[in-house]
Amino acid sequence: MIDVTLLGTAGMVPLKNRWLTSLYLYEGGRAVLVDCGEGTQIALSEAGCRLKPIDTICLTHFHADHVAGIAGLLLSMGNAGRTEDVTVIGPPGIASILQCLLVIAAPPFRVIAVEADDSGEEVLRSGNLSIRPFPVKHVVPCFGYQFTLPRHPKFLPEKAEALGIPRKVWKLLQAGESLKLGDRVIRPEEVSGPERRGLKLVYSTDTRPVPILSEMGREADLMILEGQYEDDTKLAKAKEWGHMTFPEAARLARNAGAKELWLTHFSQALKHPEDYADNAASIFPNTVVGRDGMHKTLNFTEEK
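Numbering (full-length UniProt numbering), first residue to last: 1 to 304.
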């Protein structure tokens, strides 16, 4: 399962009761933070999200509302007792950005920079969680992120018994490991059913609607997309500044065949984004207008 917490929903300017857009994912004792603008530490605290498990920070782009909180966060993570390495993924130039930030922050752990590229391939795993950045279209280089959690095929005890495999080593096979039994090597697929669907989440802010968003979000359990502007009357402004409207985000989720859409990254002029929910829901019914601290657990579905 993946625990998903939308920490903030503001675009560019934080407001009362609306922190800058960021996301916290927790899986298997590890956490991933996506973007870290001003005030993200407070948003983490208010949402009850712990700092110490964060081993990966994914940055969409280098505008201050997405990166200005990193130095303070790294210091606080050190104060929380973290000593293990932290990896920061971001657009080309991430190493230089971190070098500048670390002048005013000296955490008791190593900070590793990983450059995102245009391939859409996996660049890192946080525990079992696969992380794939992909390029989107903003006024500066910007990336969305696809997070996937694979699921092992169902273990079939009757097959293990037929092969004479002792019960005490079944756990290894269930975990996807091969084992040696006498002069034989037993592979997990020999005692397992067919492949099973895992979990997929796609996150992207600060972009125009581009086809890769629907491609990476194909049949996603959850898409979290920006809705900077409430309707298409703001389309000219959205195009000028590299953002999206509620209807544009909804069309992407519909085209992807996603299960659910959360909207985030709202303009400071949009005081009550929930009032415009139908602008997206009329296109993609399972749309939720995001709010700070919103939480959901993505679980594997039962398969026979």
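Ideal Cβ placement from N, Cα and C applies to all residues, glycine included.
In the three-state scheme derived from DSSP, where H, G and I count as helix and E and B as strand, Phe-246 is classed as helix.
When secondary structure is reduced to three states using DSSP, His-295 falls in the strand class. Burial is judged here by how many other beta carbons sit within 10 angstroms of a residue's own beta carbon; Thr-297 has fewer than 16 and is exposed.
The alpha helix (DSSP H) runs lying completely inside the region 196-235 and spanning 4 residues or more are 211-216, given in chain order. Residues of the same chain with a CB within less than 7 Å of the CB of Asn-299, apart from the 5 flanking positions on each side, are Met-1 in chain order. Beyond the five residues adjoining it in sequence on each side, Ser-267 comes within less than 7 Å, by CB distance, of Gly-11, Gln-228 and Tyr-229 in the same chain, given in chain order. Taken through DSSP and simplified to helix, strand or coil, Ile-283 comes out as coil.
With respect to the C-alpha of Asn-286, the residue from Ala-269, Arg-251, Gly-198 and Glu-46 having the closest C-alpha is Arg-251. For Val-140, the secondary structure class from DSSP, reduced to helix, strand or coil, is coil. The criterion of a C-beta distance shorter than 7 Å is satisfied by Val-32 and Thr-56. Annotation: the continuous beta strand (DSSP E) that includes Ser-22 extends over 22-27.
Closest in C-alpha terms to Pro-53, from the list Ala-277, Gly-144, Leu-172 and Met-77, comes Met-77.
From the listed residues Pro-107, Val-67, Ser-96 and Asp-183, the smallest Cα separation to Glu-84 is found for Pro-107.
By the C-beta criterion, the region 139-157 is judged to be in contact with the region 202-212, since at least 3 inter-stretch pairs fall below 8 Å. Only buried fits Leu-20, as 16 or more other CB atoms lie within 10 angstroms of its CB. Lys-154 places its beta carbon 7 Å or farther from that of Thr-207.
The C-alpha of Gly-120 is placed about 27 Å away from the C-alpha of Ala-175. The beta carbons of Glu-38 and Gly-69 sit closer together than 7 Å. Residues Leu-263, Pro-273, Glu-274 and Ala-277 of the same chain have their beta carbon placed closer than 6 Å to that of Val-289, with the five preceding and five following residues left out of the count.
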